[in-house]
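Written out below as structure tokens is the structure these notes cover.
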Amino acid sequence: MQRPARERILDAAHELMLTVGLTRATTKAIAAAADCSEAALYKYFASKEELFVSVLKERLPELDPLLRRLVADPGKRSVEENLTEIARQAALFYAEVFPIAASLYAEPTLKARHDDAMRVMGVGPHRPIEALDAYLRAERTAGRVAADADTFAAASLLLGACAQRAFAYKATPDGEPPQSLDDFAAGVVRTLLRALSRGVSGGSGRAPDAL
């Protein structure tokens, strides 16, 4: 039995966007790969940009749901455990996003149109930073992060490191980062917590056990 058309379209879009990039993954090519008409594709997705956002939400490692869950209920686990999970998911997420979106930067007109569509839909690469900032502010209010911590800078640093990992090592002999994903996530978070925890443990700069 053939899978529902919407699922086939998402699978085809994900595969094409990864292999040929967002620019060359046309709705016509996606529809053909999904074994449906282009008109059928537009029954489910109003635009290619909407389809792209759906691929990010439904086919890539789940970063946004994780952040929203932590914002809603920040105190369930330690700050270190939460941030380490975020770092792992973010690194996986950006590793898939960059190959998809890279082609946009070679087409300024298309990039501008894409950005306009993202603004209309209220989405974009800034959203994870804002969500992580909101989570860290909630932890600061709960006293598990230093009262003077710059949560926006911390969110930007953590997600920036994850994004950097996704492409910085492609030109190296191995083409891979020097650390495993788990070691990377743990190390970045431990380093960040030294700044976030100043004042929480008497200003020692050492991440307290409570974090």
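Position 124 of the sequence shown, counting from 1, maps to 124 under the UniProt record's numbering, and the rest follow consecutively.
Yeah, the Cβ is synthetic: ideal placement off N, Cα and C, and Gly gets one too.
- Task: Answer yes if the region 47-56 comes into contact with the region 22-37, meaning at least three C-beta pairs across the two stretches below 8 Å, and no otherwise.
- Result: They touch, by the three-pair rule.
- Item | Sequence-distant residues of its chain with Cβ nearer than 6 Å to P61 (five each side left out) | Here the set comprises Q89, L92 and F93.
- Message: Can you list, in chain order, the residues of its chain with a C-beta nearer than 7 Å to that of A13? Leave out the 5 residues immediately preceding and following it.
- Response: Here the set comprises A25, I30, L51 and V55.
- Query: Roughly how far, in whole angstroms, is the beta-carbon of L67 from the beta-carbon of Y135, given that I think they are within contact range, below 8 Å?
  - Reply: At roughly 6 Å, the Cβ-Cβ gap stays under 8 Å, so L67 and Y135 are in contact.
- Query: From K57 to S103, what does the alpha carbon distance come to, in whole angstroms?
  - Reply: So the two alpha carbons sit approximately 20 Å from each other.
- Message: Would L83 and I129 be called neighbours here (beta carbons separated by less than 7 Å)?
- Response: Between L83 and I129, the C-beta gap is not smaller than 7 Å, which leaves the two residues out of contact.
- Query: In angstroms, rounded to a whole number, what distance separates the CA positions of R144 and V188?
  - Reply: R144 and V188: Cα-Cα distance of roughly 18 Å.
- V123 in three-state terms, based on DSSP: In this structure, DSSP gives V123 a state outside helix and strand, which the three-state scheme calls coil.
- Item | Residue range of the unbroken alpha helix (DSSP H) whose run includes M17 | For M17, the enclosing alpha helix (DSSP H) covers residues A5 to R24.
- When you compare only the Cα positions, how much space is there between A184 and C36? Per the sequence presented here, residue 184 reads as Phe, with Ala not at that position. Spanning the alpha carbons of F184 and C36 requires a straight line of approximately 42 Å.
- Item | L192 - DSSP class collapsed to helix/strand/coil | In the structure shown, L192 adopts helical secondary structure according to DSSP, grouped into three states.
- Between which two residues does the alpha helix (DSSP H) harbouring K76 extend? Segment: none, K76 is in no alpha helix (DSSP H) and carries neither H nor E.
- Quick one: residues in its chain with C-beta nearer than 6 Å to the C-beta of L41, no 5 flanking neighbours on either side, listed in chain order? Only I9, T27 and A31 meet the Cβ criterion.
- Message: Would G75 and A142 qualify as a contact pair, given that the criterion is a beta-carbon distance under 7 Å?
- Response: Contact: yes.
- Cβ neighbours of E107 in the same chain (closer than 8 Å, five flanking residues each side left out): Cβ neighbours of E107 beyond the five flanking positions: T23.
- Message: Relative to the C-alpha of A5, which candidate in M17, A34 and D73 has its C-alpha closest?
- Response: The shortest C-alpha separation from A5 is found at A34.
- Item | Beta-carbon proximity of A161 to F98, cut-off 7 Å | For the pair A161 and F98, the CB atoms are not nearer than the 7 Å cut-off.
- Task: Give every residue of the same chain whose Cβ lies closer than 6 Å to the Cβ of M17, excluding the five residues on either side of it in the sequence, and list them in chain order.
- Result: Within the same chain, M17 has close Cβ partners A25 and I100.
- Message: Which same chain residues end up closer than 7 Å to R59 when comparing Cβ atoms and leaving out the 5 residues on each side of it in sequence?
- Response: Once the five neighbours on either side are set aside, the close Cβ partners of R59 are L10 and H14.
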